[in-house]
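>
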Amino acid sequence: MSMKKITLLFALIAITGIAGATVYLDETFDYADGALKTVGAGSSWLSGGTYGTWSSDFMVQSSTLAYSNDGGTYILSGQGKIMSSNYISPYGSTNYVVYKSFSPSSVATGTVYVSFLYTPGGESQSQSQAPAMSMSAPGTNTGVQVWVGKGLVNASHFRFGTTRGSTAGADIKWSTTEYSDLNAVYLLILKYDLSTQTASVFVNPEIGAEVEPTPVASDVTSTSSVRSSVQTIQFKVNGSSKEVYKVGGVRVSSTWAEAVASQSISAVPLDVPLVGSASSVGAESFIANWTAVANATGYAVKVYQGETLHGTYDADGQSTESLFIRGLMTNTAYTYKVIAKGDAIDYSNSEESAASLLFTTLEGLTSIETDFSDETWGTLYTSENQPASGSFPSSYHNGFEIENTFLYDISKYDSRGERKDYGLRMDRMSNGGMVVLPTVKSLEQVEIHAIPGGAPRSITLKELVDGIWTTIGTYEMTSSVDYKEFIIPLSRAVPTKLRIENAGSGQVTLYQIITRTTNPTLLDAPVVGVASAVNSNHFTANWTAVANATGYKVRVYQGTTIVKTVDVSGQATESVQVTELSPETEYTFKVLAVGDAFVNYADSYLSAASTPFTTGITSGLDNLSELKLTVSGKTIMASESGMFEVYNMQGAKLHQVKNTVMTETNLPAGLYILQFTDMNGKQATQKISIN
């Protein structure tokens, strides 16, 4: 292999000697031939929108694009393969996108450049407008874009334009120059200045130029979908707008010098790294290991499934000797190889190393039940230090890809009275707030607990199907304060990967995510009666039994605070004494029916609250402990004069009489609650049976 060929291999570098310079991503599409969303899935290429009936896809093909001018040869010229789009009649897609993150979190400051090689491939660009490249965010189909459309002066020619988010034709700022060569390769650079939110496009700038030239088009005036941050590069097709072109050698960087960097033809190839064995192998991840190579700027780890390249992953730093890699398939055999990356000035990339030993990922999870308070979900934020929208961090914890989302300290109670201390707060849809779940081996039900952030919101549940994130459903939170549990039947007998997206314009917090291998029926909530046998420190809670329950959970409230929970067994149980309360204190209680551990029946939600009641005073006589109440037929008698009040078991008052020691109720036979108040205002409550 020639020195020049070695120099040009995998030029995934970071330019040295430039203060604050960053190469976010070098994408050369060095995957197996096929649909980018599939062959590039291991390198974090994802898809969204509606693929529909398009007869093709964004395809990786075994060809290259090259570009040079008087300044030199573009840094990624001739590298890897190309991405080809052949979207023509009968079309069939709706806002279908394929995208890849170039940063682990949104970039909201500075300037971002996307350099790429573009050719119409001999095809007339007869469409009015079509996006060739976008800077965007996960979960959205709009972004800072390069547009290609037919010429204004000569319709057989074509021109380039840009917007900073809008997709309206009237908002596109077009170049005055029109281009006629349909077979030429063009170096396009899309620039976005986040401080001014200005989008610019450059065509064929001088390679290696120190001074940034005047762009051919800029947009600082359109108002629709203006990006305040960027995180992804994105390709998109939609409706009946023709898109036929080829792209190669994509670089995302932070300076002009990096955007127009030149290749070197005199660099010395680095030594080949020595690979070790994979470690910490999980269901979808592992750690790749190797020995460091002198003079390297970093490493490229190439993961293979058999002979097929699954993905390429980059590690920065000469001394780096391991890399955590995720996004693999469960229960699948892999190997990996490592390339040492040079600086493209004095040193070029090494050859691929020998392959690692074969290793197999583990099976997926049986089920998921999150506990965001267990201190394993990353940095905890509060209202005092939470990030601004558009700058939410991204992270990876417990097999979850937490995108533009953070752990938030805000406690809530769910509909069963369980306290949730922390939640995952997702940024708005346009900023790509989402949570990607680990793969589960099978599935029958998903339960998602969520609350909106100040206004009605919605979330969308999606499933990864053949490389495409496919919508299962969108779920609305109609109130700004509602704690919502969404129970979603979803039967899957094969490994399944899901993600939850914020589908609205504001923040949403997820408090719990559960997957089950059963689809239990939610039990009815019990109907509570009034408290009976109320004393200074105890009372009896009453309710109606619920079919298929195995027991009940009684929660006692002082105001809105739960002060006591009592567990009761038995489906037919309809009352329990609650003790150890405070005297002269007002309480209510709620009851939920307990199922069979979510196999066939799920625990119900809490009932409505009981009628408030107040415990008695502590005295020589504990409330009315000396009172004698007797029932004979429909007649109730007391050992002293007072007021009789009779309620049904649901708490409705049916009978009342004052200043007497006896009352005739004339009520139907059944169980009732009697509340007796003596002439001094002391009360006694108990369950009675009227015949």
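Note that full-length UniProt numbering numbers the sequence shown so that position 45 is 45, with each residue one more than the last. Just so it is clear, CB atoms sit at the ideal spot from N, CA and C, and this is done for glycine as well.
(1) Whether or not the region 77-93 and the region 21-34 are in contact is what I'm after, with contact meaning three or more pairs of Cβ atoms, one per stretch, closer than 8 Å; do they touch?
(2) Can you tell me whether DSSP reads T550 as helix, strand or coil?
(3) Going by alpha carbons, who is nearest to K658 out of A638, L187 and V556?
(4) CA-CA distance, A549 and V566?
(5) Using C-beta distances below 6 Å, list every residue in its chain close to L328, excluding the 5 sequence neighbours before and after it, in chain order.
(6) For S610, which option in S536, K682 and A531 has the closest C-alpha, if you only look at C-alpha atoms?
(7) Under DSSP, the alpha helix (DSSP H) around V39 begins and ends at which residues?
(8) Specify, as a first and last residue, the run of the alpha helix (DSSP H) that W256 falls within.
(9) Considering only C-alpha positions, which residue in the set V661, S641, T660 and L671 is nearest to L654?
(10) Identify whether A608 lies in helix, strand or coil by the three-state DSSP scheme.
(11) Check whether the region 106-120 and the region 181-201 touch, using three or more Cβ-Cβ pairs below 8 Å as the test.
(12) Would you decide whether V144 is buried or exposed? Buried here means 16 or more other CB atoms lie within 10 Å of its CB.
(13) Could you check what DSSP says for A14 in three-state terms: helix, strand or coil?
(14) Beta-carbon within less than 7 Å of K242's beta-carbon, same chain only, minus the 5 sequence neighbours each way: which residues are those?
(15) Going by alpha carbons, who is nearest to E206 out of S101, A261 and A533?
(16) Counting pairs of Cβ atoms below 8 Å between the region 432-448 and the region 480-499, do you hit three or more?
(17) W290 and V338: beta carbons closer than 8 Å?
(18) Which of the three DSSP states, helix, strand or coil, is assigned to D171?
(19) Would you please state the rounded distance, in angstroms, between the beta carbons of P526 and V591? I believe it to be under 8 Å.
(20) Please report the straight-line C-alpha distance between S491 and L443, rounded to a whole angstrom.
(21) Nearest chain D C-beta to A388 closer than 8 Å, yes or no?
(22) Would you mind stating whether W45 and K100 have Cβ atoms separated by less than 8 Å?
(23) Spatial neighbours of P393 within its chain, please: C-beta separation below 7 Å, excluding the five flanking residues on both sides.
(24) Between K412 and Y475, is the Cβ-Cβ spacing less than 8 Å?
(25) List, from N- to C-terminal side, the alpha helix (DSSP H) runs of 4 residues or more that fit wholly inside the region 34-76.
(26) Would you call S224 buried or exposed, if buried means 16 or more other Cβ atoms sit within 10 Å of its Cβ?
(27) Can you tell me whether I690 is buried or exposed, with buried defined as 16 or more other CB within 10 angstroms of its CB?
(28) Candidates S632, T142, S84 and A35: which alpha carbon is nearest N431's?
(29) What residue range is occupied by the uninterrupted beta strand (DSSP E) comprising residue 701?
(30) Which residues mark the beginning and the end of the beta strand (DSSP E) in which W469 is found?
(31) Figure out for me which residue from T73, S536 and N95 has the closest Cα to the Cα of G52.
(32) List the DSSP bridge partners of L464.
In brief:
(1) yes
(2) coil
(3) A638
(4) 16 Å
(5) E284 and T361
(6) A531
(7) L36 to V39
(8) W256 to A259
(9) L671
(10) coil
(11) yes
(12) buried
(13) Caution is warranted here: a pLDDT of 33 is assigned to A14, below 50, making its placement in the model unreliable, and no coordinate value can be reported.
(14) Y87, I88, S126, Q127 and A130
(15) A261
(16) yes
(17) yes
(18) helix
(19) 4 Å
(20) 5 Å
(21) Here chain D cannot be found, since the structure has a single protein chain.
(22) yes
(23) S105, P387 and F406
(24) no
(25) 36-39
(26) exposed
(27) buried
(28) T142
(29) No answer is possible for residue 701: it lies beyond the span of the chain, which begins at 1 and ends at 691.
(30) I468 to M477
(31) N95
(32) W469
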